[in-house]
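Just below is one structure, and these are the notes that go with it.
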Amino acid sequence: MHVTLYGAAREVTGSCYLLETQSSRLLVDCGMFQGSDRLERQNYIPNNMSAEKLDAVVLTHGHLDHCGRLPLLVKEGFSGPIYATAGTIDIAMLILSDAAKIQKDDADRENRRRKGQGWASISRPLFTQHDVELVSKLFRKVEYGRWFHPAKDIRTKLVEAGHILGSACVEMTVFEEGYTKKLVFSGDLGPWDMPILQDPARIEEADLVFMESTYGDRDHKTLPETVAEFQDLLKAAFDNKGKVLIPTFAVGRTQQILYHIAEMFRQKIVPPMPIYLDSPMAIAATELYSRHSELMDQESRLLQSSGQLRKDLSTLRTCVTPDESRALNNVTGPCLILAGAGMCNAGRIMHHLRHNLGLPGTVLIIVGYQIKNSIGRRLLEGANAVKIFGETIKVNAKVKSLGGFSAHAGQSDLLRWLEPMASKKPRLVLMHGESHQMSELSYKIKESYGLCAESPKFGETIVV
Ligand SMILES: [Zn+2]
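Numbering follows our numbering, in which position 244 of the sequence shown is assigned residue number 1454; successive positions increment by one, without gaps.
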């Protein structure tokens, strides 16, 4: 049996493992590369993956860097089942459809440019909504904790990963030539004790572990500290009648932020004020979360089923159309505006920044990672002015970053996840991280459990 790595090897995106036994071939994840032109050029299905000869795909969760190459796989001839939890199927469909739309818009824009310059070549999107629909027909829903057989010699179980709705770690037992081997793929792991989702499941043993290492070099700020800072900012904004802008990631982060706001209103820590959710994608994702309360932790399930959450968030308004979004320019504070994109590099948040950064009462709360050279990053670094849509905007707003809302486990939680398996001394492969994060985590793992971790490159094959 062997496993070949077709992504997320010494980098964070493109998760994709090809497992081959004597009689079966299957993929765990089939994610997209994101972040730079160099990475995006890797968004294809390598020939030696032989898409049409794959038995199945097992999906850890619905983020694009884990499912984004599925439409390409289907275009290359894959027609087998794609196993995932119900939450993952819904999130993956939402995210893939959004990606198809963005690619179509980008290709249309590029084609207008080429036409204007008299070029004959045509830019085509990587995949279309039609391809996404073909993927949707292949999904097979599986429940957490139930064994299923994606191939005749492979038994598989998905267990909670605590990262986003429906996210799972994959436990796989392979029966080959009279012996059995247990493989574990962590997928993306969430932190312990986060609201809404359950904690990552305890996995007792494995012969080979593929483990993510996105934040392998550090711990995040604690959640209670982060929530306390968030409360202080909202209280001050209420007193100053300020507008609070929160650039959000649609899936996971938005729902968590809403959860904390609801709690503050319920406990009368912050007086209720209007909340505008100005992102069709985040509105759709929030709707999916509320439809899948069976995948949440007990507290969130109860808040949903009793109607308490809806009561707490009675001041929440959703803005679907561009007109509804534009109308927020005339709204006065105190209020909260949650809009995408989370990295302040596109989307409706750009308009809100343009209109409000110059006003001293505005508070901009950054709740996620901001890439280098992005407007979000420049604002965090204290820029006095930023350029938005070609216009220079003076910054009089207060800009604050809250560090503890990550959907990824920090170093201590990664070690905690590995601990039950570590005593049996499995072979360990670190994935989904950059070299600095991986080497820091490797060092800690060696120190804590005496295990030596490997960090293979893209295309390398691990022979078991
Ligand atoms: Zn993820």
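For glycine and all other residues, C-beta sits at the position ideal for the given N, C-alpha and C. From a predicted model like this one, the values you see are computed outputs, not experimental measurements.
Beta-carbon gap between residue i and residue j smaller than 8 Å
i, j, result
"S1377", "D1403", "no"
"G1400", "A1632", "no"
"G1224", "M1242", "yes"
"P1410", "C1379", "yes"
"L1283", "C1240", "yes"
"A1309", "L1274", "yes"
"P1544", "M1483", "yes"
"Y1293", "F1395", "no"
"V1605", "L1590", "no"
"I1301", "I1374", "yes"
"Q1514", "S1500", "yes"
"V1342", "L1306", "yes"
"T1383", "R1412", "no"
"A1549", "T1572", "no"
"D1427", "L1651", "yes"
"I1576", "P1457", "yes"
"L1229", "Y1216", "no"
"N1253", "L1336", "yes"
"F1420", "M1641", "yes"
"V1454", "L1393", "no"
Cutoff 7 Å; reference residue i; Cβ partners in own chain excluding five residues on either side
i, result
"Q1408", "E1370, G1372 and D1507"
"L1661", "A1632, K1635, L1638 and I1655"
"T1528", "L1487 and I1493"
"L1433", "D1403, M1404 and G1614"
"E1386", "M1211, T1231, Q1232 and D1363"
"A1460", "S1489, M1491, A1492, A1495 and G1550"
Buried/exposed call for residue i, threshold 16 Cβ in 10 Å
i, result
"A1556", "exposed"
"E1435", "exposed"
"Y1354", "buried"
"I1332", "exposed"
"R1279", "buried"
"G1578", "buried"
"S1245", "Before going on, a small fix: residue 1245 reads as Gly here, not Ser. Classification of G1245: exposed, given that the 10 Å Cβ count is below 16."
"P1481", "exposed"
"D1623", "buried"
"L1512", "exposed"
"V1673", "exposed"
"E1221", "buried"
"V1213", "buried"
"G1669", "exposed"
"A1416", "buried"
"Y1653", "exposed"
"E1414", "exposed"
Beta-ladder partner(s) of residue i, from DSSP
i, result
"A1663", "L1638"
"T1671", "T1214"
"V1527", "One detail in the question is off: residue 1527 reads as Arg in this sequence, not Val. BP columns for R1527 point to Y1486."
"M1506", "L1407"
"Y1227", "L1215 and V1238"
"S1658", "In DSSP, S1658 forms no bridge with anything."
"P1570", "In the DSSP output, where bridge partners are listed per residue, P1570 has none listed."
"E1320", "BP columns for E1320 are empty, so no partner."
"I1576", "S1611"
"L1548", "I1456 and L1487"
"E1601", "I1598"
"C1554", "The partner list for C1554 (beta bridge, DSSP) is empty, contrary to what the question assumes."
"L1418", "L1393 and R1637"
"R1365", "T1383"
"R1350", "Y1293"
"F1358", "T1366"
"V1267", "L1237 and I1292"
"A1378", "E1370"
Same chain only: Cβ atoms within 6 Å of residue i, ignoring 5 sequence neighbours per side
i, result
"E1262", "G1287"
"H1565", "N1539"
"T1525", "P1482, P1484 and I1485"
"E1664", "V1639"
"Q1647", "S1423, G1426 and D1427"
"G1272", "T1298, I1301, A1302 and I1305"
Own chain residues within Cβ distance below 8 Å of residue i, not counting five before or after
i, result
"M1560", "C1554, I1585, I1598 and F1599"
"N1594", "K1604 and V1605"
"P1490", "V1530"
"H1502", "A1296, G1297, D1300, L1375 and G1376"
"I1467", "I1456, T1458, L1548, V1577 and F1615"
"E1439", "K1610 and L1612"
"R1463", "G1552, V1577, G1578, F1615 and A1617"
"A1266", "L1236, L1237, G1290, P1291, I1292, Y1293, P1360 and A1361"
"E1509", "P1405"
Closer than 7 Å: residue i CB and nearest ligand 2 heavy atom
i, result
"C1226", "Absence of ligand 2 is noted for the structure shown, with ligand 1 being the only ligands found."
Heavy atoms of ligand 1 versus C-beta positions, residues under 5 Å
H1273 and D1398
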